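Step one of this worksheet: look at the structure below.
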């Protein structure tokens, strides 16, 4: 060995050792950072207002993979969402925190939620007020969803240039049949149920009589529920909102366009104040922050970390009621949060079944349905949970329809809100074929096959009678099994369930009347019911979610500690507004592509309410 080769080998060894030490040091630093951030609980001022300022849509499960969502948020991309449970946990904790005498409700960036989700937040606001503390709400534009929350406040202030715009509920589907006919696209539909209107946007140019009857029924139920909740909160006559909406188009012009004064005279708001005047009112209650010049406050994003740390300490060693959220469309396979994956959701249920500390499970359903195969996969895992002796209680949110009801069927108890849309017990399949479309541009298809079924599921050929008969038989069998599962879970006969099934959508109160749900109540009521069934008195309720890796936790902790936003420029915002104008059409086309696999059956409710 030469001296040169000796020193060359020695240098390579030292260089490799240096790299290993650098990597170890980096991992140690990351571990220290993660530990420090995880353990860091924000300092709460001795007297401050809890600032509740939801941004974007209020949801019960954030959409997308956590790290991808965090990176999109940092770049100012994606759809803004606020997690309901972050707000409710903060408000529940603040109700008993002597440092928080006031809650400030800022709804300027809130875009909406289902009425059931709104009611969960409203329940928390009422609990805060019941503790003897004040809720102050401010807004310039109180849309229907914003006003539902604002109405729960002790004091509601509307900007002098603002308004309270209540429109009621509507459902105006976009019908594509005319466009599909012009394009030469044939929509082959297979369904069961007189009220199963999910396929109508592709087969009709307008609403059917059955869909009109059904929609009017549940929309009226939702609007009645809204009016009752708001008039009760504001201590107004039961017909106050009906009178306000009915006279709005005349009363605002009569007031010289001063919509704020119209709302004030109707007693929908406490006063007309600017943001600065409202801040001054809050300064009177909690004092001035010398740094910001505004009122002393702590945000829910900070306060929730304190609330969760306290909650975790109290829950140590206690038996658990596990909560699994099934929110979004039900799809096959592994799916990210915000959708219900057959594999991923079944895995969470299995985890709850095998965890000896989990004594009962609450399945929180907020889904209009989707894949029958994925629904069945989740259903079977819930049966296994039941067989393991663990009580199962379903809590229905805004939607628990079609496939969403399918997965609720095996529950010991089903809880719903008056504004829940449920039922829609039916199954369909859609198979589009484009042979006529191709013919319009001179493209034809011809050939041979080895069996009568060869090539019959091609999108560029008409469906043969053999395949039609096969698909309809699958739909009929699937419907019969769906009805049988519901009958078994509801302890009713098949005939009793078939009479209220047929694809019909029911509002929560009507679903309770016909026996599709057991109780009308909140998410908290469902958790208490699960604990009672498990004979628990001192317990902890927590969410069962996919476990994050340490690297994912690091990214999320860094996101929470230092939020950086890159706001969209004017051109990007304009493009976003233009895209939203085409939302109704793009939504229906997306559904057609999502539900058009010829070997897939779907249990889905096209019952979105706006």
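Residue numbers (the numbering used here): 585 to 1194.
Think of the CB as a built atom: it goes at the ideal place given N, C-alpha and C, for glycine as much as any other residue.
Quantities reported herein were computed from a predicted structural model and do not represent experimental measurements.
- A straight-line Cα-Cα distance of about 35 Å links residue 1057 and residue 1026.
- Along the stretch 907–984, the alpha helix (DSSP H) occurs as fully enclosed runs of 4 or more residues at 926–938 and 956–971, listed in sequence order.
- Boundaries cannot be given for residue 1075, as no alpha helix (DSSP H) includes it and DSSP labels it neither H nor E.
- Counting only the Cα atoms, residue 1016 lies some 41 Å from residue 749.
- With a threshold of 16 other beta carbon atoms within 10 Å, residue 907 meets it and is buried.
- If you draw a straight line from the Cα of residue 677 to the Cα of residue 670, it is about 11 Å long.
- According to DSSP, residue 665 shares a beta bridge with 641.
- Inclusion of residue 1046 and residue 1019 in the CB contact set at 8 Å is warranted, their separation being smaller than that value.
- For residue 718, the uninterrupted beta strand (DSSP E) run begins and ends at 718–726, by DSSP.
- Contact between residue 1003 and residue 992 is absent: CB atoms are separated by about 16 Å, not below the 8 Å threshold.
- Straight-line measurement puts the Cα of residue 1051 at about 12 Å from the Cα of residue 1059.
- The count of Cβ pairs closer than 8 Å, one atom from the stretch 678–690 and one from the stretch 709–717, reaches three, so the stretches are in contact.
- By the criterion of at least three beta-carbon pairs nearer than 8 Å, the stretch 932–939 is in contact with the stretch 1116–1135.
- Contiguous alpha helix (DSSP H) elements confined to the stretch 742–808 occur at 761–767 and 784–787, taking only those with 4 or more residues.
- In the structure shown, the three-state DSSP call for residue 894 is helix.
- Cβ-Cβ distances below 6 Å link residue 647 to 922 in the same chain, with the five nearest sequence neighbours on each side left out; the list follows chain order.
- Around the beta carbon of residue 731, 16 or more other beta carbons lie within 10 angstroms, which makes this residue buried.
- Between the alpha carbons of residue 854 and residue 643 lies a distance of about 28 Å.
- Of the residues assessed, residue 736 falls on the buried side of the cut-off, its CB having 16 or more other CB atoms within 10 angstroms.
- Looking only at 766, 778 and 761, the smallest Cα-Cα distance to residue 772 is reached by 761.
- One alpha carbon belongs to residue 1042, the other to residue 1030, and they sit about 12 Å apart.
- Take residue 994, set aside five residues on each side of it, and the residues of its chain with a beta-carbon closer than 7 Å to its own are 963, 966, 967, 970, 976 and 1073, in chain order.
- DSSP places residue 879 outside any alpha helix (DSSP H), giving it a letter other than H or E.
- Checking the DSSP bridge columns, you'll see residue 991 has no partner listed.
- Considering only 635, 1068 and 697, the residue with the shortest C-alpha distance to residue 675 is 635.
- Uninterrupted alpha helix (DSSP H) stretches at least 4 residues long and entirely within the stretch 1054–1103 occur at 1078–1084 and 1092–1098, given in chain order.
- DSSP places residue 1109 in the uninterrupted alpha helix (DSSP H) bounded by 1107–1117.
- Counting only the Cα atoms, residue 1099 lies some 33 Å from residue 820.
- Contact check between the stretch 826–846 and the stretch 682–692: fewer than three CB pairs, one atom from each, fall below 8 Å, which does not count as touching.
- If the five residues before and after residue 979 are omitted, its C-beta is found closer than 6 Å to the C-beta atoms of 946, 948, 999, 1107 and 1110, all from its own chain and listed in chain order.
- The three-state reading of DSSP puts residue 710 in helix, counting H, G and I together.
- Annotated three-state conformation of residue 1033 is coil, per DSSP.
- In the DSSP assignment, residue 836 falls within the unbroken alpha helix (DSSP H) covering 824–838.
- Per DSSP, residue 1021 lies in no beta strand (DSSP E); the unbroken alpha helix (DSSP H) holding it starts and ends at 1019–1024.
- Collapsing the DSSP output to three states places residue 1014 in a strand.
- Residue 666 is positioned such that its CB atom lies no closer than 8 Å to that of residue 708.
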